[in-house]
């Protein structure tokens, strides 16, 4: 009996050693993304197992969520993530900051989904009204630390130097006006999207250039109107809102793993295209899981209509955004060379296998 017990314990220990050994052999892919509609492939890919199925059982996915592009880029610099979903301007900034060494863009995620919303009572009907005599209510000193008494319009963007901030400032300049920083009378107030909604309701900003679902929320909840859908500024209404980046080191060391991940990415996009209603439920459930706050169904449905989920990174639009960011002074004094920011080799190999047209930069 004693020998039997010892034998049983030995078998048990060997089993645990086998399990631990198998766990040690597993590769890890660290994935970063936002609980955003424009990151829908990441939300669906993780929730529905498209990534895990494509990667296989010997790969562990370590998920990390972020709320802003710069923090995701810093995580990539620090080696905390391998692949990430992110907007174009943070990717550009990360590429430039690292001297072109830290990252590559390997696929698209979404196009569109950015709106310039103005208050119905702000007296803004066309671009000449961007600078006017009808003012928003003044901000308190603890809400903004300069230029409270501007004789001009005040607009909000989600973050200094982010994709919508660049688009807003470029649009203001093309309309013939200057922002306060350049001696003009139009003020841009970078602040988080929830705060933008509050300022809108308090009539303390005249408008905002925001991503979905915030554009739709400003219309439905804060007396806003669509002044401009950013799609109207781009050829065929297409411009990159989010795409997939990878650590250059990880791509060099684990190209097979990157290919399997992108296969899951394509599967998630295909699922979203074929099952839009079901996909909306999944996306909202994931947003609720991560943020504890789901998007109201009517706002979600309208917001998704303004977004195209696509694996095409729409390269030409990124180049244009980079040109605008450089002119605004966000990318240093020397215009950066972005010729090496894309590596679409793996994406195109997968598209070729599926009989789909390859992406041309």
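Residue numbers (our numbering): 31 to 391.
We put the CB at the ideal spot given by N, CA and C, even for glycine.
Predicted model only: the values in this text are computed from it and were never measured.
Express the C-alpha separation of residue j and residue i in angstroms, rounding to a whole number.
{"i": "residue 287", "j": "residue 78", "result": "19 Å"}
{"i": "residue 213", "j": "residue 139", "result": "37 Å"}
{"i": "residue 269", "j": "residue 298", "result": "20 Å"}
{"i": "residue 116", "j": "residue 87", "result": "26 Å"}
{"i": "residue 50", "j": "residue 222", "result": "Residue placement at residue 50 cannot be trusted, given a pLDDT of 39 that sits under 50; the coordinates are not used to answer."}
{"i": "residue 364", "j": "residue 204", "result": "22 Å"}
{"i": "residue 147", "j": "residue 119", "result": "21 Å"}
{"i": "residue 93", "j": "residue 310", "result": "21 Å"}
{"i": "residue 381", "j": "residue 391", "result": "15 Å"}
{"i": "residue 264", "j": "residue 200", "result": "14 Å"}
{"i": "residue 259", "j": "residue 348", "result": "18 Å"}
{"i": "residue 130", "j": "residue 108", "result": "16 Å"}
{"i": "residue 291", "j": "residue 81", "result": "6 Å"}
{"i": "residue 335", "j": "residue 227", "result": "21 Å"}
{"i": "residue 283", "j": "residue 112", "result": "11 Å"}
{"i": "residue 332", "j": "residue 189", "result": "24 Å"}
{"i": "residue 375", "j": "residue 207", "result": "42 Å"}
{"i": "residue 57", "j": "residue 224", "result": "38 Å"}
Could you tell me which of the options sits nearest to residue i, measuring between CA atoms?
{"i": "residue 182", "options": "362, 235, 244", "result": "235"}
{"i": "residue 122", "options": "384, 382, 362, 374", "result": "362"}
{"i": "residue 276", "options": "343, 373, 85", "result": "373"}
{"i": "residue 91", "options": "104, 76, 98", "result": "76"}
{"i": "residue 278", "options": "149, 382, 336, 370", "result": "370"}
{"i": "residue 344", "options": "82, 137, 69", "result": "137"}
{"i": "residue 153", "options": "189, 142, 233", "result": "233"}
{"i": "residue 124", "options": "231, 220, 98, 206", "result": "98"}
{"i": "residue 296", "options": "341, 211, 360", "result": "341"}
{"i": "residue 216", "options": "231, 237, 248, 356", "result": "237"}
{"i": "residue 69", "options": "389, 328, 346, 313", "result": "313"}
Look at residue i and residue j and say whether their C-beta atoms are less than 8 Å apart.
{"i": "residue 257", "j": "residue 218", "result": "no"}
{"i": "residue 302", "j": "residue 100", "result": "no"}
{"i": "residue 430", "j": "residue 253", "result": "There is simply no residue 430 to check, as the chain begins at 31 and stops at 391 in what is shown."}
{"i": "residue 243", "j": "residue 325", "result": "yes"}
{"i": "residue 400", "j": "residue 127", "result": "Residue coverage of the chain in this structure runs from 31 to 391, which leaves residue 400 outside it and unanswerable."}
{"i": "residue 320", "j": "residue 95", "result": "yes"}
{"i": "residue 246", "j": "residue 329", "result": "yes"}
{"i": "residue 73", "j": "residue 316", "result": "yes"}
Residue i and residue j look like a contact to me (Cβ under 8 Å); what is the Cβ gap, rounded to whole Å?
{"i": "residue 59", "j": "residue 89", "result": "6 Å"}
{"i": "residue 106", "j": "residue 132", "result": "7 Å"}
{"i": "residue 272", "j": "residue 194", "result": "Wrong, their Cβ atoms sit about 12 Å apart, outside the cutoff."}
Between which two residues does the alpha helix (DSSP H) carrying residue i extend?
{"i": "residue 217", "result": "No alpha helix (DSSP H) contains residue 217, which is instead part of the beta strand (DSSP E) from 217–220."}
{"i": "residue 103", "result": "99–107"}
{"i": "residue 203", "result": "193–204"}
{"i": "residue 347", "result": "345–357"}
Where does the unbroken beta strand (DSSP E) through residue i begin, and where does it stop?
{"i": "residue 304", "result": "Unbroken run through residue 304 is the alpha helix (DSSP H), 285–304; no beta strand (DSSP E)."}
{"i": "residue 241", "result": "237–241"}
{"i": "residue 276", "result": "270–277"}
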